[in-house]
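Asks: Would you mind keeping the following structure in view while I ask a few things?
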DNA sequence: CACCATTTGTTCGTATGTATA
DNA sequence: GTATACATACGAACAAATGGT
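Protein chains in written order, with the working numbering: chain A, 7 to 246; chain B, 7 to 246.
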């Protein structure tokens with residue numbers, strides 16, 4: 007038997023083949039893999055050998071195993087670095103993926119307690135709310151709501167509609183540099199609506215990121231509440 | 007009628023009473039509040055008036071409302087600030103809560119891919135694994151696994167058992183200052199075991215925080231994977 | 001599957017007291 | 001004083017979601 011050395015153990019070879027299937031797109035994210043019995047037949051090995059390969063894939067977070075249901079291909083996890091200069095598009099481009107955005111809804115409304123605190127204005131003051139669906143490689147990644155203080159950013163909706171980016175829209179108002187001063191992260195299960203928009207099951211959590219962006223004079227210009235698909239993103243913070 | 011001025015609006019008074027009930031422990035976290043109809047009867051007001059009060063509580067995140075099921079008391083959310091000098095105990099103390107820790111399990115094992123990457127050692131090298139249940143005010147907040155490189159930290163288990171704190175244990179090895187250089191956050195539903203330890207439903211997500219701590223020479227000394235109760239914690243990052 | 005009770009969510013309409021121009 | 005706008009409060013009805021039979 008050819009065992010012993012790590013390089014050519016059968017289960018490692020099987021894991022490599024399955025990994026290639028997943029990364030190559032033969033099995034799409036969310037799809038169910040063949041059962042362990044089927045794989046054992048296909049590779050002419052014992053089911054235990056297959057299980058070892060699957061365990062390796064699970065350790066690499068390429069698959070998720072559910073007892074009694076099967077093995078499912080996991081979504082690719084996008085590392086989302088948060089710094090004072092965090093921009094959605096740039097972050098996605100860094101991962102060699104193409105960012106996208108769809109304007110879901112826009113309205114003028116009044117700041118509630120949370121928003122007023124984030125924007126450092128009094129509750130009830132007028133704000134512009136922008137709901138955007140953020141995409142990476144044409145797959146939804148997050149639903150985010152942005153709040154901009156009015157009247158400073160009156161008319162930003164139309165500019166955003168044309169530009170498709172917050173950064174570009176803000177430039178039209180003379181804001182050439184802004185920075186994120188605060189980010190808070192929490193987690194919960196999605197609402198039905200969020201699950202639908204993110205194209206994910208209601209049993210997969212969303213990560214709620216609340217962020218405050220200020221202009222170069224330190225004045226808050228954007229308070230954002232983004233709901234990220236918990237299975238498709240991982241937030242990374244470097245604290246030197 | 008006593009309307010108009012904001013100070014003594016009925017709904018504000020109702021919100022105050024309900025908030026006192028929650029914070030005073032009359033209604034415990036997770037418990038269902040009386041229905042809107044019941045509250046309307048109790049306070050002798052219209053259901054709309056109750057709904058306004060409940061909306062205020064929801065904005066304060068004291069309750070969570072589920073259509074068709076009822077209104078539920080939320081857990082208190084602990085803001086957990088992450089900096090290069092993040093210590094669990096200090097963070098909890100900052101929130102005027104008393105930190106605690108229970109050693110669940112300790113073993114010498116070998117570094118897997120993830121751990122070796124975090125500790126910057128080769129896979130298979132010996133490490134010490136410490137599983138700890140972290141508490142705040144005697145309520146479980148997180149289950150964390152720490153990995154310390156061996157042989158540098160041989161015998162740390164016994165010291166930790168006595169000290170009950172990672173920081174204090176590391177001091178015994180001459181590590182008087184260490185800093186967190188990297189934190190990643192993701193989210194998923196808990197395993198049965200995690201839900202049991204955290205005393206939470208399996209439908210409430212956990213936030214998985216992976217952290218790398220290094221000594222003053224930049225050498226990794228602790229790779230940690232902590233699973234926080236998603237309903238009881240909110241991570242906060244300040245990026246200047 | 002249909003059916004039902006319970007509970008929250010939404011939308012009409014109505015009335016009243018306060019503040020402001 | 002009048003007109004207007006606004007926040008507050010009540011009533012009724014219906015829609016939507018949930019859980020159980």
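The C-beta atom is built at its ideal place from N, Cα and C for all residues, glycine as well.
Predicted, not measured: the structure shown is a model, and the values here were computed from it.
Can you have a look at residue 81 of chain A and say buried or exposed, based on whether 16 or more other CB atoms are within 10 angstroms of its CB?
Replies: Burial call: buried.
Asks: Consider the Cβ of residue 192 of chain B: report whether some Cβ of chain A lies at a distance smaller than 7 Å.
Replies: By this cut-off, residue 192 of chain B is an interface position.
Asks: Hey, does residue 243 of chain B have any beta-carbon neighbour from chain A nearer than 7 Å?
Replies: At least one chain A Cβ lies under 7 Å of residue 243 of chain B.
Asks: Can you tell which of A:220, A:166, A:235 and A:231 has the C-alpha that lies nearest to the C-alpha of residue 126 of chain A?
Replies: For residue 126 of chain A, the nearest C-alpha among the options comes from A:220.
Asks: Taking C-alpha atoms, which residue in B:191, B:193, B:242 and B:208 lies nearest to residue 199 of chain B?
Replies: Checked all of B:191, B:193, B:242 and B:208; the closest Cα to residue 199 of chain B is B:208.
Asks: Identify every residue that forms a DSSP beta bridge with residue 191 of chain A.
Replies: Note: residue 191 of chain A sits in a beta bridge opposite A:215 and B:241.
Asks: Could you give the distance in angstroms between the alpha-carbon of residue 65 of chain B and the alpha-carbon of residue 58 of chain B?
Replies: For residue 65 of chain B and residue 58 of chain B, the distance between alpha carbons rounds to 11 Å.
Asks: By Cβ distance, which residues of its chain are closer than 7 Å to residue 9 of chain A, with the 5 residues on each side in sequence left out?
Replies: Low local confidence applies: a pLDDT of 43 at residue 9 of chain A is under 50, so the model's placement there is unreliable, and no value is given.
Asks: Does the CB of residue 186 of chain A have a neighbour CB from chain B at under 7 Å?
Replies: Yes, because at least one Cβ of chain B sits closer than 7 Å to the Cβ of residue 186 of chain A.
Asks: Step through the CB atoms of chain A and report whether any lies within less than 7 Å of the CB of residue 127 of chain B.
Replies: Not an interface residue.
Asks: Apart from the five residues just before and just after residue 167 of chain B, which ones in its own chain have a Cβ nearer than 7 Å to its Cβ?
Replies: For residue 167 of chain B, where only same-chain residues beyond five positions count, the Cβ hits under 7 Å are 109.
Asks: Checking the sheet assignment: what are the DSSP bridge partners for residue 130 of chain B?
Replies: None, per the DSSP bridge assignment.
Asks: First and last residue of the alpha helix (DSSP H) that includes residue 168 of chain A?
Replies: Per DSSP, residue 168 of chain A belongs to the alpha helix (DSSP H) from 162 to 169.
Asks: Taking CB distances under 7 Å as the criterion, tell me whether residue 205 of chain B reaches chain A.
Replies: Chain A, which has no Cβ nearer than 7 Å to the Cβ of residue 205 of chain B, makes this no.
Asks: Quick check on residue 84 of chain A: does DSSP put it in helix, strand or coil?
Replies: Note: residue 84 of chain A maps to strand in three-state DSSP.
Asks: In its own chain, which residues sit with a C-beta less than 6 Å from the C-beta of residue 230 of chain A, not counting the 5 before and 5 after it?
Replies: Here the set comprises 150, 152 and 217.
Asks: According to DSSP, is residue 19 of chain A helix, strand or coil?
Replies: Helix at residue 19 of chain A.
Asks: In terms of residues, what are the limits of the alpha helix (DSSP H) holding residue 124 of chain A?
Replies: Here the alpha helix (DSSP H) through residue 124 of chain A covers 119 to 125.
Asks: In whole angstroms, what is the alpha-carbon distance linking residue 239 of chain A and residue 49 of chain B?
Replies: Distance between the alpha carbons of residue 239 of chain A and residue 49 of chain B is about 46 Å.
Asks: Looking at chain A, which residues of the segment 111 to 127 of chain B have a Cβ within less than 9 Å of any of its Cβ atoms?
Replies: If the cut-off is 9 Å between Cβ atoms, the segment 111 to 127 of chain B has 118, 119 and 120 near chain A.
Asks: Residues of chain B with CB under 8 Å from residue 201 of chain A, in chain order?
Replies: Under the 8 Å cutoff, chain B gives no residues; its nearest Cβ is about 13 Å from residue 201 of chain A.
Asks: Which residue's Cα is closest to the Cα of residue 146 of chain B: B:23, B:36, B:106 and B:44?
Replies: Considering only alpha carbons, the answer is B:106.
Asks: Note down, in chain order, all residues in the segment 88 to 100 of chain B with a beta-carbon under 9 Å from any beta-carbon belonging to chain A.
Replies: Of all residues in the segment 88 to 100 of chain B, 88, 89, 90, 91 and 92 have a Cβ within less than 9 Å of some Cβ in chain A.
Asks: What is the DSSP secondary structure of residue 24 of chain A, counted as helix, strand or coil?
Replies: Reduced to three states, the DSSP call for residue 24 of chain A is helix.
Asks: Mind checking whether residue 173 of chain A and residue 116 of chain A have CB atoms under 7 Å apart?
Replies: In this structure, residue 116 of chain A does not lie closer than 7 Å to residue 173 of chain A by Cβ.
Asks: According to DSSP, simplified to helix, strand and coil, what is residue 181 of chain A?
Replies: Reduced to three states, the DSSP call for residue 181 of chain A is coil.
Asks: Would the beta-carbon of residue 28 of chain B fall within 7 Å of that of residue 68 of chain B?
Replies: Yes.
Asks: Considering just the uninterrupted stretch of the beta strand (DSSP E) at residue 108 of chain A, what are its terminal residues?
Replies: 105 to 116 is the extent of the beta strand (DSSP E) around residue 108 of chain A.
Asks: For residue 52 of chain A, count neighbouring C-beta atoms within 10 Å of its own C-beta (all shown protein chains included) and say buried if the count is 16 or more, exposed if not.
Replies: Looking at its Cβ environment, which holds fewer than 16 other Cβ atoms inside 10 Å, residue 52 of chain A is exposed.
Asks: Tell me which same chain residues have a C-beta within less than 6 Å of the C-beta of residue 222 of chain B, skipping the five on either side of it?
Replies: Once the five neighbours on either side are set aside, the close Cβ partners of residue 222 of chain B are 183.
Asks: Tell me the rounded alpha-carbon separation between residue 133 of chain B and residue 157 of chain B.
Replies: Residue 133 of chain B and residue 157 of chain B: Cα-Cα distance of roughly 8 Å.
Asks: What do you get for residue 63 of chain A, buried or exposed, if any count of 16 or more other CB atoms within 10 angstroms of its CB means buried?
Replies: By the 10 Å Cβ count, residue 63 of chain A comes out buried.
Asks: Can you name the start and end residues of the alpha helix (DSSP H) that residue 210 of chain A belongs to?
Replies: No alpha helix (DSSP H) contains residue 210 of chain A, which DSSP labels as neither H nor E.
Asks: Measuring straight from C-alpha to C-alpha, what distance separates residue 45 of chain B and residue 74 of chain B?
Replies: When rounded, the distance between both Cα atoms is 16 Å.
Asks: Please indicate yes or no: does the CB of residue 49 of chain A lie closer than 6 Å to some heavy atom of the ligand HEM?
Replies: Annotation note on the ligand HEM: not contained in the displayed structure, which lists no ligands.
Asks: Between A:214, A:121, A:84 and A:138, which has its C-alpha nearest residue 155 of chain A's C-alpha?
Replies: When each option's Cα is compared against that of residue 155 of chain A, the closest is A:121.
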